[in-house]
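Enquirer: Counted the way the numbering used here counts, the sequence shown spans residues 439 to 743.
I am attaching a structure below and will ask some questions about it afterwards.
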Amino acid sequence: MNKFLKYNFKRFNKKEYANFLDKIIAQDFDGVILSAFKPDVHGTKFAYTNEYQQSMSDMVYMAHDKNLMTALELNLFASKYLWHHKNFSPPISSKGAEFPHTENYYPVCPNNKLSSERIVKLIEEVSNIIPDYFILNEFRFPYDWWNNPLDLQDKIPNYCYCPYCIAEFSSELGIVINNIDTLFNNINAWMNWRFQVLEDYFEFILEKLVAKKDLIVQVPPLNLVDIPFSTGQSLLEYGEKGAKISPLLFHRTKQKDMNWSLEILDLFKIDIPQEIIIPSIQYDDAQKRFQLPAVLEEYDDVLIY
Ligand SMILES: [Zn+2]
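See the structure below:
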């Protein structure tokens, strides 16, 4: 099993990073997780500058030079920067309310025009970097899995019903959607269209990046049947096209213990081949003391945050 550890930093400093790599090698880690965003502003930039791209290439190179693997996180449909853009419009709920973003999660609708421009630019910029994995993070329709438990009473997903979504779907279906009932009457078409929107992005990213390395799609810690409904993600299709699937088993964030993570992992194993599952897990405590549960040894790779 390869263990990857997330590297958090404020500003890139070669010496500090080299020390970090030496430390994790001594602790028996096999790889490092890096985030493709300017860290001092936590993803607030449109993408990142050439200067940052250079340091990201250096970071991947330095890790490989020490025989460590690398996984580069691409934060796709979330951007604090876009929320502050003068032309931004937020995701809208089925009841017409704006998405209440949190400090950690500024979701952007995949159909938002700024979103698609941003992603094309981001993918272009990272296509020169060659890590072992690209991680597709926040690759979904807006869904705050940290705070919103899934309500099984919901007949339609909570998000997104922004003007971009309604307009795109109306033209796809060839009828005018002017209220939620019309949409509700076409719920199957709506759900399939949401899958297609994400799959089109997935194909684009696959074409641009995968000739180089593998993709990992991170997904919320929900039952497998609930994921397509809440997020528009179609895990089996991504898997068939060669991607790995990584459930976000962040037990501390959810005020649970590690058993919670392992139970969700068991549910994933029922429908998804184990060899394409890469668990994303959290340290047990704030001091980053960590006892890896033995059952994780069965996985080829584990991402640790
Ligand atoms: Zn939308």
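C-beta: ideal position from N, C-alpha, C; glycine also.
If you're wondering where the values come from, they're calculated on a predicted model, not measured in any experiment.
1) Inspect the beta-carbon positions of Leu459 and Ala509 and report whether they are closer than 8 Å.
2) At the level of alpha carbons, what is the spacing between Tyr571 and Phe442?
3) Less than 7 Å separating the Cβ of Pro545 from some heavy atom of ligand 1?
4) Looking only at its chain, what residues have a beta carbon closer than 7 Å to the beta carbon of Asp722, apart from the 5 residues adjacent to it on each side?
5) Starting from Gln693, follow its DSSP beta bridges and name the residues at the other end.
6) Could you tell me whether any non-hydrogen atom of ligand 1 is closer than 7 Å to the CB of Asn596?
7) In the DSSP assignment, find the unbroken alpha helix (DSSP H) run with Glu675 in it and report its ends.
8) Name the residue from Glu641, Glu606, Trp698 whose alpha carbon lies nearest to the alpha carbon of Arg690.
9) Alpha carbon to alpha carbon, how far is Asp592 from Phe633?
10) Sort out for me which residues DSSP pairs Leu443 with in a bridge.
11) Could you tell me if Phe622 is buried or exposed, where buried requires 16 or more neighbouring beta carbons within 10 angstroms of its beta carbon?
12) With DSSP collapsed to three states, give me the class of Ser718.
13) Report the three-state DSSP secondary structure of Asp638 (helix, strand or coil).
14) Flag Asn549 as yes when its Cβ comes closer than 7 Å to any non-hydrogen atom of ligand 1, and as no otherwise.
15) May I ask whether a heavy atom of ligand 1 can be found less than 7 Å away from the beta carbon of Pro538?
16) Less than 7 Å between C-beta atoms, sequence neighbours within five positions excluded: which residues of the same chain meet that for Thr482?
17) For Pro711 versus Leu734, is the C-beta spacing smaller than 8 Å?
18) What residues in its chain sit with their C-beta under 6 Å from that of Pro528, if we drop five residues either side in the sequence?
19) Relative to ligand 1, is the shortest distance from any of its heavy atoms to the C-beta of Tyr602 smaller than 7 Å?
20) With the cut-off set at 8 Å, would you say Leu686 and Val663 are in Cβ contact?
21) Can you tell me where the alpha helix (DSSP H) holding Ser609 begins and where it ends?
22) By a C-beta neighbour count over all protein chains shown, 10 Å radius and 16 as the cutoff for buried, is Ile643 buried or exposed?
23) Does the beta-carbon distance from Tyr676 to Val648 come in below 8 Å?
24) Could you tell me the boundaries of the beta strand (DSSP E) in which Ala509 lies?
25) In this structure, does DSSP put Asn525 in helix, strand or coil?
26) Whole angstroms are fine: how far does the CA of Met497 sit from the CA of Tyr455?
Expert: Let me spell this out:
1) no
2) 11 Å
3) no
4) Met696, Phe728, Gln729
5) Answer is none; Gln693 lacks a bridge partner.
6) no
7) 673-678
8) Trp698
9) 18 Å
10) Val470, Ile742
11) exposed
12) strand
13) helix
14) yes
15) no
16) Reliability fails at Thr482, whose pLDDT of 45 lies under 50, so the model's placement of it is uncertain and no value is given.
17) no
18) Glu536, Phe537
19) yes
20) no
21) 601-611
22) buried
23) no
24) 507-513
25) coil
26) 8 Å
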